[in-house]
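Protein chains: 2
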Amino acid sequence: MYSILLNFRNEITRQGLVKDMKQIGVGLLGFGTVGAGVVKGLQERRELLAQKIGADIVLRRIADLDIKSDRGVTVDPAILTTEASEVINDPAVDVVVELIGGTGIAKTLVMEALRAGKSVVTANKKLLAEYGEEIFTLAEESEVDIYFGASVGGGIPIVRVLREGLVGNAIVSMYGILNGTCNYILTRMENEGLPFDDVLKEAQAAGYAESNPSLDIDGFDTAHKAVILASLAYGFHVPMSVAAVEGIRGLAGIDVKFASELGFKIKLLAIIRGEGDEVEVRVSPTLVAVDHVLASVSGVFNAVMVKGDYTGDTLYYGRGAGRKPTASTVIGDICDIARNMIAGGPRHSRGIVRLPSEPPRMRSVSESRSRYYLRLMVLDRAGSLGRFTTILGSHGVSIQAVSQKCGAEVTDSDYQPVVALTHVAREADIEAALAEIRASGVIGGEPVKIRILD
Amino acid sequence: MYSILLNFRNEITRQGLVKDMKQIGVGLLGFGTVGAGVVKGLQERRELLAQKIGADIVLRRIADLDIKSDRGVTVDPAILTTEASEVINDPAVDVVVELIGGTGIAKTLVMEALRAGKSVVTANKKLLAEYGEEIFTLAEESEVDIYFGASVGGGIPIVRVLREGLVGNAIVSMYGILNGTCNYILTRMENEGLPFDDVLKEAQAAGYAESNPSLDIDGFDTAHKAVILASLAYGFHVPMSVAAVEGIRGLAGIDVKFASELGFKIKLLAIIRGEGDEVEVRVSPTLVAVDHVLASVSGVFNAVMVKGDYTGDTLYYGRGAGRKPTASTVIGDICDIARNMIAGGPRHSRGIVRLPSEPPRMRSVSESRSRYYLRLMVLDRAGSLGRFTTILGSHGVSIQAVSQKCGAEVTDSDYQPVVALTHVAREADIEAALAEIRASGVIGGEPVKIRILD
Chain A
7 MYSILLNFRN EITRQGLVKD MKQIGVGLLG FGTVGAGVVK GLQERRELLA QKIGADIVLR
67 RIADLDIKSD RGVTVDPAIL TTEASEVIND PAVDVVVELI GGTGIAKTLV MEALRAGKSV
127 VTANKKLLAE YGEEIFTLAE ESEVDIYFGA SVGGGIPIVR VLREGLVGNA IVSMYGILNG
187 TCNYILTRME NEGLPFDDVL KEAQAAGYAE SNPSLDIDGF DTAHKAVILA SLAYGFHVPM
247 SVAAVEGIRG LAGIDVKFAS ELGFKIKLLA IIRGEGDEVE VRVSPTLVAV DHVLASVSGV
307 FNAVMVKGDY TGDTLYYGRG AGRKPTASTV IGDICDIARN MIAGGPRHSR GIVRLPSEPP
367 RMRSVSESRS RYYLRLMVLD RAGSLGRFTT ILGSHGVSIQ AVSQKCGAEV TDSDYQPVVA
427 LTHVAREADI EAALAEIRAS GVIGGEPVKI RILD
Chain B
7 MYSILLNFRN EITRQGLVKD MKQIGVGLLG FGTVGAGVVK GLQERRELLA QKIGADIVLR
67 RIADLDIKSD RGVTVDPAIL TTEASEVIND PAVDVVVELI GGTGIAKTLV MEALRAGKSV
127 VTANKKLLAE YGEEIFTLAE ESEVDIYFGA SVGGGIPIVR VLREGLVGNA IVSMYGILNG
187 TCNYILTRME NEGLPFDDVL KEAQAAGYAE SNPSLDIDGF DTAHKAVILA SLAYGFHVPM
247 SVAAVEGIRG LAGIDVKFAS ELGFKIKLLA IIRGEGDEVE VRVSPTLVAV DHVLASVSGV
307 FNAVMVKGDY TGDTLYYGRG AGRKPTASTV IGDICDIARN MIAGGPRHSR GIVRLPSEPP
367 RMRSVSESRS RYYLRLMVLD RAGSLGRFTT ILGSHGVSIQ AVSQKCGAEV TDSDYQPVVA
427 LTHVAREADI EAALAEIRAS GVIGGEPVKI RILD
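So the sequence lines, in the order shown, correspond to chains A and B. So the number in the working numbering is just where the residue sits in the first sequence, counting from 1, plus 6. So the number in the working numbering is just where the residue sits in the second sequence, counting from 1, plus 6.
Here you go:
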């Protein structure tokens, strides 16, 4: 379609259609990978966007500490500055786009921009997860828009969908694969039978994982996105402190293998569920049945399955990161603000809607219920297996299937791996049973427990 | 979450928050299944929506020829009328929701509402596919909004995503499973090895298919949705006449079986592709590799895979029909109009954006290129298979794999089924080759040709 666009650009330039349109000035904070993508998109699509939204979006200023490096896009050097305040305080800048990341200077600048009466677009999940309440309140007081589509799901318009498309739904549950690094590692462990550490090292070498991978593999990045989704869905600020977070660090290859034999893939899921007047937010590795649509989300792709009480199950899938996908969502947000500005002002409740009622209670992890995959190294002696199942039963955990596994790589002289799938059980009961099993001396090492998605 | 909503409703009623809000009046044309769902949703969620969008959405009038039957919702009898004009001309009605369907009276009433300065929400794909240009032009002239999210994909917010979320993207391609009836039939044929006619009859008995199933199984319903998606993506009205439409009527069980053996599922796909300055719109049964995410879309579910030049592949999945999913999308549209109204007026280009440049050229079917699955009943005589492959080769169609099939159900004394997968070929070349093969006398019956999704 690129030639259509080029034809069209020539056409519109000839016709001078953009000339009489209202201009919306954009100022960029952070000229990194995504920033350069946004600049390129705004340049390439300026006339097309003008026609689609009825306003001419003009990039006015870019601030970054480094204004020398080549980003693969051509910009007028006069719009570059190392002073963020020059962007925020430029009267020709209507929309400030924050792509710095983190909660230090990014927070200061977003607050400054809102105070200066500028609408803000941000892709900063950590900032919103940790300081969303403060930021959304300020945006409301300043009567400006704040859009944050790219903070969750990169190129997937999940924030827009929750805020607008599903506005009439009570959200029953959301299950999200929200971290491409983890999904890439899990996909390779499964497809190639490689151990976690090897895949992580390769992913780091290939640039798919950070040199300090903790934010990704320990689940915190997923948790940041989960609390943003939960806040959007349930109408109150869900603090990070209530999210139970478990990552994929050290996941054993044999569990990936056993899960696969049982017809499951292991995915790192953000799980957000409303039940009664309780909301549960957690991040954990989870067994997903192979014929579930989330099981087909491979490699660096992300997806969110949202169950609304009206829509039933819906799913949104795409690239959760990367220069162009993220830029696409940032540009969509800028266009929304531009449309609002030419229509007369900010639209109501663009941030997280705070309902005036009491927020629902957060369900504690120990109360949460699920089916479980358990893998234990059980002492290879008569009665061990019986002891193990008896203890589970005494805690009200019933077993759907249990099997003793063999295989040179998992067997030593004294212990044999045993895999059990439980019926739905309370996490607290599972934990109590495992504590007793540990104390009983019939198992070696730490038992492995992974939830099963139903 | 329902109890949260109820608590919240009580809370808000106590606080009287809705009292001072601007009211947006809704008038409904058509009180059928979806209409009743919209009424129920607006009733159940009135306070929640008020809080989320900052306006109180009030159902003012409902018109239907039948205002006696029980729809399972309670409405004040005074708002019911058999006269559509009473809805359209009621000064308290700001938004007219058309849920009558078809292109007769529905068209007249939509045009009347737009002329009367009312914004319109419609779920009517046939109306927009056939008269979209006229309707969108009138909406623009009347300076009102027209929203049509539920015309494609039921509860899936695909129209919103194309119009807003992906606004900065040039759309490379869209592949859609857009008809739940067809997908249900194909899923059962595959899972249970049943013949087409049996599954259709059962689907009719179960209410999943109409007594006159042609609109669904001959692909026209999918085509209506395809031209709406194509128009949204490419910025000009794509007429139904340019869509090449092939349905699933009479699809043979053995082709479903052979496809499955080769690692494919057969799906009825809407295929929309932009290449150079050409656009292709077609509907046809298509082989989809089992590990493709579209292959996991089973039963009555719909999905659209959209490839944007910035986002890359994205996918939207959910229920494509039904009372509550469709009502969810209609309510989302009503809320958008309400937000626009309190912000000051209609938003630019809510219909299909018409770019001022020349529309792209429509690519004719014969020029389209694809890999193909071919199944022919070849004369069981030495040289027949060679003859068949030679003819294909002479038309520039090269074969990736060919195999002779056996099986009591497909074999008779003289002919054996042969399945070939081709490399990418032009449709016109395939057709010419098949014509020559037919004339050569080496095959019995009609050759079967199904495209393969790459």
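Ideal Cβ positions, reconstructed from N, Cα and C, are used throughout, including at glycine. Please read these numbers as outputs of a predicted model, since none were measured by experiment.
{"Query": "Backbone secondary structure at E95 (chain B) - three-state DSSP", "Result": "First, the amino acid is wrong: residue 95 (chain B) is Asn here, not Glu. It is coil, neither helix nor strand."}
{"Query": "Contact set between the segment 30-64 of chain A and chain B, restricted to residues whose Cβ is under 7 Å from the partner", "Result": "G47, R51, L55, Q57, K58, I59 and G60"}
{"Query": "Enclosing beta strand (DSSP E) for A276 (chain B) [first to last residue]", "Result": "F270 to E281"}
{"Query": "Proximal residues, the segment 161-193 of chain B versus chain A, C-beta separation under 8 Å", "Result": "G161, I162, P163, R166, V167, E170, G171, L172, V173, G174, N175, A176, I177 and V178"}
{"Query": "Residue ranges of each beta strand (DSSP E) within the segment 46-78 of chain A, 3 or longer", "Result": "62-69"}
{"Query": "Beta-carbon proximity list for I59 (chain A), same chain, < 7 Å, skipping 5 on both sides", "Result": "C341, A344 and R345"}
{"Query": "C-beta contact flag for A265 (chain B) and I272 (chain B) at 8 Å", "Result": "yes"}
{"Query": "Within chain B, the residues that D151 (chain A) reaches when beta carbons sit closer than 9 Å", "Result": "Within chain B, no residue comes near D151 (chain A); the closest Cβ sits about 11 Å away, beyond 9 Å."}
{"Query": "Secondary structure, beta strand (DSSP E): runs of 3+ residues fully inside the segment 373-417 of chain B", "Result": "375-385 and 405-410"}
{"Query": "Whole-number beta carbon distance between V425 (chain A) and S404 (chain A), since they are thought to touch under 8 Å", "Result": "So it is not a contact: roughly 16 Å between Cβ atoms."}
{"Query": "Cross-chain neighbours of C341 (chain B) in chain A, by beta carbon under 8 Å", "Result": "E170, V173 and G174"}
{"Query": "Residue ranges of each beta strand (DSSP E) within the segment 87-166 of chain B, 3 or longer", "Result": "101-104 and 125-128"}
{"Query": "Test item: CB-CB of G155 (chain A) and T39 (chain A) under 8 Å", "Result": "no"}
{"Query": "C-beta neighbour in chain A for R325 (chain B), strict 8 Å", "Result": "yes"}
{"Query": "Whether G33 (chain A) touches D96 (chain A) by CB criterion (8 Å)", "Result": "yes"}
{"Query": "Status (buried if at least 16 other CB within 10 Å, exposed otherwise) for K28 (chain A)", "Result": "exposed"}
{"Query": "One or two residues paired with G318 (chain B) in a DSSP bridge", "Result": "B:G314"}
{"Query": "T19 (chain B) at chain A interface by Cβ criterion, 8 Å", "Result": "Caution applies to T19 (chain B), whose pLDDT of 45 falls short of 50 and renders its modelled position unreliable; the model cannot decide the point."}
{"Query": "Pick from B:V99, B:E136, B:E147 and B:G110 that is closest to V127 (chain B), judged by C-alpha positions", "Result": "B:V99"}
{"Query": "Selected residue, minimal CA-CA separation from G269 (chain A), among A:G110, A:I458 and A:A69", "Result": "A:I458"}
{"Query": "Between the CA atoms of K231 (chain A) and A176 (chain A) - distance to the nearest angstrom", "Result": "19 Å"}
{"Query": "Local Cβ density within 10 Å of R121 (chain A), reported as buried at 16 or more and exposed below that", "Result": "exposed"}
{"Query": "Contact under 8 Å by Cβ, I278 (chain A) with A239 (chain A)", "Result": "yes"}
{"Query": "N197 (chain B), buried or exposed, once every other Cβ within 10 Å from all chains shown has been counted against 16", "Result": "exposed"}
{"Query": "Distance, Y322 (chain A) Cα to I337 (chain B) Cα", "Result": "20 Å"}
{"Query": "With 16 other Cβ atoms within 10 Å as the buried cut-off, status of G170 (chain B)", "Result": "Per the sequence shown, residue 170 (chain B) should be read as Glu rather than Gly. Classification for E170 (chain B): buried."}
{"Query": "Opening and closing residue of the beta strand (DSSP E) in which I449 (chain A) lies", "Result": "I449 to I458"}
{"Query": "Residue from A:A388, A:R381 and A:V289 whose Cα sits closest to the Cα of G450 (chain A)", "Result": "A:R381"}
{"Query": "Straight-line gap, I141 (chain B) to L134 (chain B) (C-alpha atoms, nearest Å)", "Result": "8 Å"}
{"Query": "Residue span of the beta strand (DSSP E) that contains E286 (chain B), given as start and end", "Result": "E284 to A295"}
{"Query": "For T428 (chain B), the first and last residue of its enclosing beta strand (DSSP E)", "Result": "Y421 to T428"}
{"Query": "Rounded separation between V44 (chain A) and I30 (chain A) - CA only", "Result": "15 Å"}
{"Query": "Per-residue contacts from Y322 (chain A) into chain B (C-beta, under 7 Å)", "Result": "Y322"}
{"Query": "Between the CA atoms of R288 (chain A) and L398 (chain A) - distance to the nearest angstrom", "Result": "24 Å"}
{"Query": "L34 (chain B) - containing beta strand (DSSP E), residue span", "Result": "Q29 to L35"}
{"Query": "Sub-8 Å separation of I191 (chain B) and V173 (chain B) beta-carbons", "Result": "no"}
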